[in-house]
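> Residue numbers (the numbering used here), protein chains in the order written: chain A, 1 to 514; chain R, 1001 to 1283; chain G, 2001 to 2316.
Just so it is clear, CB atoms sit at the ideal spot from N, CA and C, and this is done for glycine as well.
Supplied in structure tokens, the structure appears directly below.
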């Protein structure tokens, strides 16, 4: 260890408090029962949580979200916005890929270029905004110049899809991101048995000296909920995640098993197809009637046993007031049903027949669907449920737009300005297949991202929420919590109370095997 | 009608196990047909009781995770499981009998094509055929029927073909051919009646296989769509809550097993009656 | 020579069968809505990204070209690469082979150990009189209770009272023999129940049939002991149908028991193929189905061969 590095580690330890200086550093094995296998290796391409969760062990982003969903340093130790369109970011001293090579400005520039390159097929290319130029302005500093202001540029850097790859090795051909992983994060992949297990080892060149606390991270893939419950009960795994709130009851009383709910900015949502001409939902009034007849409280009570909460287009986790006064939320249900029937009559379609398309992979969605089915029948709708395999669901909804409405959940990310942008289909792109383009709304959304004053911005959000509600095109239902379950006799976990980017194990480096 | 009564009484009298099978089969069919009319409650009513409530006099099979009473759901499941399997197996029997007779009677190219086709289908693991067909057609009742029909088809083709082969060489068929009867007439009047017995026996096996495949598909999430239920989809629903609400998986699993068993037992009795094997003691 | 003439057409038929299976599975997979691009890109799929992914994996080629390429590489022993991992799928199948084999042997062993003696006993007893015998009840239950019902009951019992067995968490036998059996015995038992019933019923029927034959009457008349009659006449003559169903059953087991593997999280062929289907990872499903069919066909041919050996009349 060079003296410089040693100094760095002492400084880091001082910063984190001496207690954090690990006495038994880099020993022991953590076992994480992962619910699903990745769907691909390429961190810039895969759009699934199951993949993100694994990338987060290996790769790093320049920024990350803190517990208040603000931004904190990541691979970049500092950052600055010097004008509406100009940003500078400085890479952390000592940051290195797991092969020992230091992370350079070239890696950052190359990674951004790779994301923007249409051949990469990265869905994050839109989220980064319109990058006019990106260049190194020092050994470790890059300057990004956007063609036009893009308020969510920095939050977009905190999402794992904006990970920094070792571009030198990639160009030389010694690293192929489509079939292996090499990052600057706490762990590196040692072994992978598809659909079965991963073995990760601590990255010896990780910039945080003494971390990760565990030397090895074993990751068995256990999709079946009951099998995961059995595994945590008999201590074969140290920690895992569940989406089903009933897991608290299923685990029963076991002093060694603890449950930590993590609030997320994610919520369960309905995508309503406003663009399919032969769908009853083509008529805005029918969509509005549907929105009014939903009983979000009932969804919370019957599907989540009351443990979730009604959610709004601007996620409740951000603590904004927007949307709360709308009829959809504030009016008593009887009156809402009355109003819904009135709208249906106006539309000349008092018993619309619609089909709800859901991915069969997530049983929670099936339950939500059945409550929605019953809710809507009270206003005169006839709902048929189609639970289809995930691939089919994705194609029908996001490529073909061949559906009436569908249930899923929305990643709220880390900034209300980011999630609200989804209502501008030309920006979001993924919902072009069913989201109506409302020019005034798009205009308002552009405006809100450039408002710096918090109060003014919140006011604008209220206005936007009304427009969103009027379109009834993409509806928030109830909040989505993740449940981190761990063995307190085997591991000490650090889990943020809130998470925005499906980054539940953000502090994996601090997980301490006992 | 008289033959039906004859068969029923014959099975009833044959032995205790067969009688048990017949009785439970009749009971299940009764429930399947008249279930919706019985005062059991609404199978789709959410919050009819507490979430995941244990069995009570009001909800004898407990309630599910949406507070629906589970007994009417099981009855609904019986209906779906029997109906889908029966329709599918009848379709399969018709197609299988036709193809099997054609292959056995005409021989040559027809036989090669049909027999090879049956071999190819037979070589597919039944559940994988089911998964593929369900994936192609999309989950739902139609695909459940198609899956069962396709999976049981090779079974029927093979049996009908071999019976036809043995019948076709017999004197009365040759006589009819010499007399100038058309192929269709021979198949219909001379061969079909001789094939029917074997088809009947295979039908019951196919029915129980069909019920197993349907419920396996539903169990893997590719079966009927909610709020409809089949016994397999109920079991899938219940197995998610096995540890805290075992009554769901246990009741639907027990009823499903009973349904398949009663079909098998009745099938055995029919077969024993058609092909009696009289052995003797060894002493 | 007799054996060769007997087997040659069978080998040819088997190859045609496998070719047919390959065409069907290839076509079926491409008719399924939703593709790997959807799975990889999630909701963020755009037409351009879809196009790029299709090109990357050769999915934009005409179907006949794709099939031909697959067939040609198959003949060279290359089963294709997984789109998820970009690695040859055959490696994963080879790695999983011991798991599926072990499960199959456990189930088959249990089926034979329980099914054969019960079947023979039941057949011989039934030969004389009517009535309820325990073996028939076992047979009826075994043939009727689906594996996922048995599995669910076992999981319930062993997860509520965490007895010695474990659900999930497979470890190779060579690493930890006890741990391996802790995870494999329950699924093996689950799978064997149907096998027990199958062997029992077939044996019973075969024995019953043999009992009607004249040579049994003759042997009884000659005053041979029941033990000798069973060994010399009954078992020998009842063997063929039993061999048939046992081989078919074994083929079924080797093809991957999807439901049981999914239920018990056993990393064998079945679970892998099932996941491949959900992920639209075509190469995995194609290889899985073809391997299952191949094993099935090969086992049936072995059975044919065994008949020819057991019974000299066959094929002559």
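Name the two residues that bound the continuous beta strand (DSSP E) containing residue 1115 of chain R.
It is not in any beta strand (DSSP E) - residue 1115 of chain R instead sits in the alpha helix (DSSP H) that spans 1108 to 1123.
> Which residues mark the beginning and the end of the alpha helix (DSSP H) in which residue 111 of chain A is found?
105 to 116
> Using a Cβ-Cβ cut-off of 8 Å, state whether residue 391 of chain A counts as contacting chain G.
yes
> Considering only their Cβ atoms, is the gap separating residue 1168 of chain R from residue 1089 of chain R smaller than 8 Å?
In this structure, residue 1168 of chain R does not lie closer than 8 Å to residue 1089 of chain R by Cβ.
> How about the region 410 to 428 of chain A and the region 313 to 327 of chain A: do they share at least three Cβ pairs that are nearer than 8 Å?
yes
> Could you tell me the distance, in whole angstroms, from the CA atom of residue 441 of chain A to the CA atom of residue 470 of chain A?
11 Å
> Residues of chain R with CB under 8 Å from residue 296 of chain A, in chain order?
The contacting residues do not exist; residue 296 of chain A stays about 14 Å from chain R at best.
> Of the choices G/2089, G/2309, G/2084, G/2251, whose alpha-carbon is the least far from that of residue 1965 of chain G?
There is simply no residue 1965 of chain G to check, as chain G begins at 2001 and stops at 2316 in what is shown.
> Scan the region 38 to 49 of chain A for residues whose Cβ lies nearer than 9 Å to a Cβ of chain G and list them as they occur along the chain.
38, 39, 40, 41, 42, 45, 46, 47, 48, 49
> Grab the span of the beta strand (DSSP E) containing residue 383 of chain A for me, first residue to last.
382 to 388
> Residue 268 of chain A and residue 474 of chain A: beta carbons closer than 8 Å?
no
> Short check: CB of residue 453 of chain A to CB of residue 375 of chain A, under 8 Å?
no
> If you check the beta carbons only, do residue 187 of chain A and residue 58 of chain A fall under 8 Å apart?
Yes, they are a contact pair.
> Between residue 24 of chain A and chain G, is the shortest Cβ-Cβ distance under 8 Å, so that the two count as touching?
Any reading at residue 24 of chain A needs caution, since the residue's pLDDT is 47, under 50, leaving its predicted position unreliable; the model's value is listed next. Cβ-Cβ to chain G under 8 Å: no for residue 24 of chain A.
> Can you give me the Cβ contacts of residue 1958 of chain G inside the same chain, cut-off strictly under 7 Å, excluding the 5 residues immediately before and after it?
The shown model of chain G, from 2001 to 2316, leaves out residue 1958 of chain G, and the question about it has no answer.
> Evaluate contact between the region 2147 to 2161 of chain G and the region 2180 to 2193 of chain G, counting only Cβ atoms and requiring at least three cross-stretch pairs below 8 Å.
Taking 8 Å as the limit for Cβ pairs, the verdict is that the region 2180 to 2193 of chain G does touch the region 2147 to 2161 of chain G.
> Where do the N-terminal and C-terminal ends of the beta strand (DSSP E) with residue 220 of chain A fall, by residue?
216 to 220
> Would you kindly report the start and end of the unbroken alpha helix (DSSP H) that includes residue 1202 of chain R?
1192 to 1219
> What is the DSSP secondary structure of residue 68 of chain A, reduced to helix, strand or coil?
coil
> Count the other CB atoms, across all protein chains shown, that sit within 10 Å of the CB of residue 2343 of chain G; report buried if there are 16 or more and exposed otherwise.
Only positions 2001 to 2316 of chain G appear in the structure, and residue 2343 of chain G is not among them; the question remains open.
> Check whether the Cβ atoms of residue 190 of chain A and residue 201 of chain A lie closer than 8 Å to each other.
Going by C-beta atoms, residue 190 of chain A is nearer than 8 Å to residue 201 of chain A.
> Between residue 380 of chain A and chain R, is any beta-carbon pair separated by less than 8 Å?
no
> Quick check: is the beta carbon of residue 2304 of chain G nearer than 8 Å to any beta carbon in chain A?
Output row for residue 2304 of chain G: interface = no.
> Using a C-beta to C-beta distance shorter than 9 Å, which residues of chain D count as neighbours of residue 1051 of chain R?
Considering every chain present, this structure includes no chain D. Its protein chains are A, R and G.
> For residue 34 of chain A, which beta-bridge partners are listed by DSSP?
A/221
> Please state if the CB of residue 179 of chain A and the CB of residue 2087 of chain G are separated by a distance shorter than 8 Å.
At the C-beta level, residue 2087 of chain G and residue 179 of chain A come within 8 Å of one another.
> So the alpha helix (DSSP H) residue 495 of chain A belongs to, where does it begin and stop?
Looking at the DSSP string, residue 495 of chain A is not in any alpha helix (DSSP H), and its letter there is neither H nor E.
> Leaving out five residues on either side along the sequence, give the residues of the same chain with a beta carbon under 6 Å from the beta carbon of residue 1014 of chain R.
1269
> Reducing DSSP to helix, strand and coil, say where residue 434 of chain A ends up.
coil
> If you measure from the beta carbon of residue 355 of chain A to each beta carbon in chain G, is any gap under 8 Å?
no
> Put residue 239 of chain A into one of helix, strand or coil per three-state DSSP.
strand
> Just to make sure I have the definition right: I need the residues of chain A whose C-beta is within less than 8 Å of the C-beta of residue 1243 of chain R. Which are they?
226, 229, 250, 252
> Of the choices A/87, A/211, A/51, A/466, whose alpha-carbon is the least far from that of residue 38 of chain A?
Taking only the C-alpha atoms, the option nearest residue 38 of chain A is A/51.
> Closest Cβ-Cβ distance between residue 1239 of chain R and chain A: below 8 Å?
yes
> Only counting the same chain, and skipping five residues up and downstream in sequence, which positions put a Cβ closer than 6 Å to that of residue 307 of chain A?
Cβ within range, chain order: 245.
> Residue 1135 of chain R CB to nearest chain A CB: under 8 Å?
yes
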